[in-house]
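Shown next, in structure tokens, is the structure this report addresses.
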Amino acid sequence: MDTSTPLVELSGVSKRFGGTQALDTVDLELRTGEVHALVGENGAGKSTLGKIVAGLYAPDTGELRVDGEQVSKWDPVRAQRSGVVMIAQELSLVDDLTVLENVFLGVEANTLGVLHRRVAECFETLRALADFDLDASAKVGDLRIADQQKVEIMRALARDARVIVMDEPTSSLTAHETERLHRLIAQLREQGRSIVYVSHFLDAVLEVADTVTIMRDGQRVRTGPVANETKATMVQAMLGRELAVTFPERRPRADASTEPLLVVDGITTETGIEEASLVVRPGEIVGLLGLVGSGRSEIARAIAGADPITAGSITFRGEKCRRWTTRRAIASGLVMVPEDRHAQGLILQRSVRENISLAFLDRFATAGVIRPAAEKKEAGALAEALSMRPPRIGLDIGGLSGGNQQKALLAKWLVGDPAFVILDEPTRGVDIGAKATIYQLVADLADRGVGVLLISSEHEEVLALSSRAYTVSNGRIAGEVDPAVFGVSDLLAHLFSVEQEIGAIA
Amino acid sequence: MTSTTARTTAPRITPAKALAFLRDYAVLILLAALLIVLAIASPSFFTFANLVNIVNQNTPLALIAVAGTFVIISGSFDLSTAAIYAVGSVAAAWVAMETGNVVLGLLAPPVIGLALGVFNGLAVTVLRVHSFLATLASSLIFQAIAVLITGGALIQVSLDGFSELGRGRIGGVFYTVVILIVFVAIMWFVLKGTVFGRHVFAVGGNPDAAQLSGVRVDRTRVMVFALSGLAAGMAAAIGVSRIASGQPQAGAGLEFDAIAAIILGGTSIYGGVGAVWRSVAGVFLIALIGNGFDILGFNPQIKDLVTGAIILAAVGLAAAGIKRR
Chain A
1 MDTSTPLVEL SGVSKRFGGT QALDTVDLEL RTGEVHALVG ENGAGKSTLG
51 KIVAGLYAPD TGELRVDGEQ VSKWDPVRAQ RSGVVMIAQE LSLVDDLTVL
101 ENVFLGVEAN TLGVLHRRVA ECFETLRALA DFDLDASAKV GDLRIADQQK
151 VEIMRALARD ARVIVMDEPT SSLTAHETER LHRLIAQLRE QGRSIVYVSH
201 FLDAVLEVAD TVTIMRDGQR VRTGPVANET KATMVQAMLG RELAVTFPER
251 RPRADASTEP LLVVDGITTE TGIEEASLVV RPGEIVGLLG LVGSGRSEIA
301 RAIAGADPIT AGSITFRGEK CRRWTTRRAI ASGLVMVPED RHAQGLILQR
351 SVRENISLAF LDRFATAGVI RPAAEKKEAG ALAEALSMRP PRIGLDIGGL
401 SGGNQQKALL AKWLVGDPAF VILDEPTRGV DIGAKATIYQ LVADLADRGV
451 GVLLISSEHE EVLALSSRAY TVSNGRIAGE VDPAVFGVSD LLAHLFSVEQ
501 EIGAIA
Chain B
1 MTSTTARTTA PRITPAKALA FLRDYAVLIL LAALLIVLAI ASPSFFTFAN
51 LVNIVNQNTP LALIAVAGTF VIISGSFDLS TAAIYAVGSV AAAWVAMETG
101 NVVLGLLAPP VIGLALGVFN GLAVTVLRVH SFLATLASSL IFQAIAVLIT
151 GGALIQVSLD GFSELGRGRI GGVFYTVVIL IVFVAIMWFV LKGTVFGRHV
201 FAVGGNPDAA QLSGVRVDRT RVMVFALSGL AAGMAAAIGV SRIASGQPQA
251 GAGLEFDAIA AIILGGTSIY GGVGAVWRSV AGVFLIALIG NGFDILGFNP
301 QIKDLVTGAI ILAAVGLAAA GIKRR
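Line by line, the protein sequences give chains A and B. Going left to right, the first sequence walks through residues 1 to 506 as my numbering numbers them. Going left to right, the second sequence walks through residues 1 to 325 as my numbering numbers them.
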């Protein structure tokens, strides 16, 4: 490794989001002509670190040096000027513009605002460089995600980027496309560019990266040459910690002869679920294990009545669910705590009390008129039971920390004494204290005979809490595993090999 | 609270809190300031007769703005209220003259308004057209219907009692003022104290979350448009009764006056936040600015300029508050 001045250097960088410490005094050195992988579990801080390099997030504390010079102000525009470009996981293209227009957006060669003719030539040069098969005049909105990603990469090349930060670039690519991307990355490195490669695909990291920084809980575990790592050493470093949270005792599997609470039989949806089947019995916590984008949440949404099913059936409490909508599901005691609490769960402008009572307002109303005392009493009692801080239910919920917002979201569904609860990412962006409360709550629900379907990107928590678990891949239920004997590393190996098989077919 | 375990600390007034208070109650502060200035400037202003007159004149606008508050809180716009007002006006005159029945004539606008409001709601929810476009289009349709009913002319109503609704008084107070007070009280309660009102806030604050919470989002939307149409119809009944003639161009500009008053009151254009009293205050703030121009003898040609500047300032203040969050 060369010892010259790093291209980009972060030292002692910390970043907090609400109640979550996303990064805790992290150092990072990025050298010319290296592919530097950032790996870690979901929530370990690898994406946050990548976004700080590209100027999308400003660090709370810590220093940033570019070419050895300390930089005080750093944002996407300044980063681009210094040759640092990010290709985000959520692509940031203009759907209505063509491929060519997107590639040169913001850096259009012009004279007094009039576009140059030779733009098409520039595009051809870039396309040859990248070896992409893209139609310059196609509308970006009509392209597949993988092709859109290529447009993003060409966009970075058009800016003559010295550093390209790629956040999970292969998550929506086929095996073949991934291989091509990796060839391109090698080529970019030959040209002296540096790549920051944020990924949880460890095989890809081993294949393409020179250096790897392993993250865990917002801290850097170590940085070193990839040549010194194996998949096993990286997994160990990603997980190798004392469990910070203690889980409640695992619920036993229900007797197979027990009448099932929920039977999902071969459902297919327009959201990509194909012939998914599963069973949950009263008092069971059943996990859905899969990678982000595997279809876990879509299965949950279909069961909760949020997305219509086109084939198959759902039977709840022995009755076939017909014309299944969220409203009917809620009325019959099946509720879902959705994945994204801001987009799908909460009314951020309204108070904690109004959010908690929303789904079961009729319980606090006579002939459509709300009885405020009853509403306050119930919301207050739940806020207390879940030890929400501050316990003031009159506050706007938007001002609470992530953990307390999540507690309120859970409280909202507890109001109705549900018989079945789907929890989609119940601890995302939640601090450790709140996590413990939420785990205990889930266990208590199951103790009362409630059926629970648990989804989480923190596989560890699904494995620790579930009585049984299904693996999900590409919109299908891939199999059933016993979480008591299955470790996280077994699981990752399992999920990744499943993904690869499917990738190879595609 | 039955028991207070926390230490009670005297609430401290910080600049941020002061600004937040100012932003929350800007419309009331301005209204009070204007009342005081006008009361001092002119002895004829702060008289019962003048104040009742101001309320009476602005009743149709206030009715529309109060119902419009529900539409805006639910995250939609209703640009068709003026057109509904026009249809209501000519329909009232036409029905009254055809049947000779004053009561039937004056009942027509609210009924028709309700129906046209439901039409708007269905256009928005079934066709999935943005409410701005849907009601812009429907207002053209309604306006055309108004013209077709009259054949482009006026319909004079020469029936005894037709003007009683708009001009009559009970104990020195116009019927219209009583109607307005009752309507405001009911709507205030409906928004704050009922399941429907809560759903209106939820639908405007986060429609996806509302849907996933089992709220009938589409039905709630239809209902707010129906309410808005009903109020426009009621306003039309009062207006047509006052002038005793149905005119297809009646009420022109009312839709924008109502939206301006709602926004000036402090109801969020982004939905999810707002109150009935705010819109009432907004209506009368604009009314007092106009009245003040008359009383103080200012050039009436710059009245709109001043009103516009005040609305811009109020909305700017609210936007500054949103950014700081």
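Note that CB positions come from ideal geometry on N, CA and C, so glycine has one too. Source: prediction; values computed, not measured.
**Request:** Return no unless some Cβ of chain B is closer than 8 Å to the Cβ of residue 359(A).
**Result:** yes
**Message:** Quick check: what's the CA-CA separation for residue 142(A) versus residue 95(A)?
**Reply:** Taking the Cα positions, residue 142(A) is about 8 Å away from residue 95(A).
**Asked** In three-state DSSP terms, what is residue 139(A)?
**Response** strand
**Proximal chain B residues relative to residue 338(A), where beta-carbon distance stays under 7 Å** = 212
**Prompt:** Is the CB of residue 137(B) under 8 Å away from at least one CB in chain E?
**Reply:** In the displayed structure, chain E is absent; the protein chains listed are A and B.
**Request:** Express the C-alpha separation of residue 307(B) and residue 264(B) in angstroms, rounding to a whole number.
**Result:** Counting only the Cα atoms, residue 307(B) lies some 10 Å from residue 264(B).
**Prompt:** Under the rule that 16 or more other beta-carbon atoms within 10 Å means buried, what is residue 36(B), buried or exposed?
**Reply:** exposed
**Item:** Residue interval of the beta strand (DSSP E) (run including residue 227(B))
**Value:** From DSSP, residue 227(B) is part of no beta strand (DSSP E) but of the alpha helix (DSSP H) over 217-243.
**Asked** For residue 201(B), which residues does DSSP report across the bridge?
**Response** According to DSSP, residue 201(B) bridges with nothing at all.
**Request:** Consider the Cβ of residue 229(B): report whether some Cβ of chain A lies at a distance smaller than 8 Å.
**Result:** no
**Request:** Give the single residue among 204(A), 464(A), 452(A), 15(A) whose Cα lies nearest to the Cα of residue 263(A).
**Result:** 452(A)
**Test: residue 142(B) CB closer than 8 Å to a CB of chain A** = Judged by the 8 Å Cβ criterion, residue 142(B) is not in contact with chain A.
**Request:** Counting only runs of 3+ residues fully inside the stretch 409-460 of chain A, write out the beta strand (DSSP E) ranges in chain order.
**Result:** 420-424, 451-455
**Prompt:** Can you give, in chain order, each stretch of the alpha helix (DSSP H) that sits fully within the stretch 43-111 of chain A and has at least 4 residues?
**Reply:** 46-53, 76-81, 99-103
**Asked** Hey, how far is the Cα of residue 145(B) from the Cα of residue 278(B)?
**Response** 33 Å
**Item:** When 155(B), 241(B), 62(B) are compared against residue 248(B), the one with the closest alpha-carbon
**Value:** 155(B)
**Request:** Spatial neighbours of residue 55(B) within its chain, please: CB distance less than 6 Å, with the 5 preceding and 5 following residues excluded, ordered by chain position.
**Result:** 177
**Request:** Determine the extent of the alpha helix (DSSP H) in which residue 97(B) is found, giving its start and end residues.
**Result:** 81-99
**Item:** Neighbour-count burial assignment, residue 474(A), 16 or more Cβ in a 10 Å radius
**Value:** buried
**Prompt:** What is the C-beta distance between residue 347(A) and residue 201(B), in whole angstroms, given that I count them as a contact (C-beta under 8 Å)?
**Reply:** Between residue 347(A) and residue 201(B) a beta carbon distance of about 7 Å is seen, short of the 8 Å cut, so the two are scored as contacting.
**Asked** Which of the residues in the stretch 163-181 of chain B, read from start to end, lie with their CB under 8 Å from any CB of chain A?
**Response** none
**Through-space distance from residue 246(A) to residue 181(A), alpha-carbon basis** = Taking C-alpha positions only, residue 181(A) is separated from residue 246(A) by approximately 41 Å.
**Message:** Let's see if you can read the secondary structure: which residues bound the alpha helix (DSSP H) around residue 6(A)?
**Reply:** Element bounds for residue 6(A): n/a, residue is neither H nor E.
**Request:** Could you round the C-beta distance between residue 411(A) and residue 443(A) to whole angstroms and report it? I think they count as a contact, below 8 Å.
**Result:** Contact doesn't hold; Cβ gap of about 17 Å is too wide.
**Request:** Kindly indicate which three-state DSSP category residue 25(B) falls into: helix, strand or coil?
**Result:** If DSSP states are grouped into helix, strand and coil, residue 25(B) belongs with the helices.
**Item:** Residues within the stretch 51-72 of chain A neighbouring chain B, beta-carbon criterion of under 8 Å
**Value:** Listed by position along the chain: nothing, the set is empty.
**Prompt:** Which of helix, strand or coil does DSSP assign to residue 112(B)?
**Reply:** helix
**Message:** In the DSSP assignment, the beta strand (DSSP E) including residue 278(A) goes from what residue to what residue?
**Reply:** 276-280
**Request:** Could you confirm whether any beta carbon from chain B is found closer than 8 Å to the beta carbon of residue 214(A)?
**Result:** Not closer than 8 Å to any Cβ of chain B, the Cβ of residue 214(A) fails to qualify, so no.
**CB contact check: residue 245(B) to chain A, cutoff 8 Å** = Cβ-Cβ to chain A under 8 Å: no for residue 245(B).
**Request:** Quick one: which residues of the stretch 22-35 of chain B get their C-beta closer than 9 Å to a C-beta of chain A? List them in chain order.
**Result:** Within the stretch 22-35 of chain B, not one residue has a Cβ closer than 9 Å to any Cβ of chain A.
**Message:** Distance check for residue 217(A) and residue 332(A), CA to CA, integer angstroms please.
**Reply:** Here the alpha carbon of residue 332(A) sits roughly 40 Å from the alpha carbon of residue 217(A).
**Prompt:** Helix or strand or just coil, what does DSSP make of residue 576(A)?
**Reply:** Residue 576(A) is absent from the model: chain A starts at 1 and stops at 506.
**Message:** For a cutoff of 8 Å on Cβ pairs, would you count residue 343(A) as touching chain B?
**Reply:** yes
**Asked** Is the Cβ-Cβ distance between residue 35(A) and residue 55(A) less than 8 Å?
**Response** no
**Straight-line gap, residue 258(A) to residue 420(A) (C-alpha atoms, nearest Å)** = 16 Å
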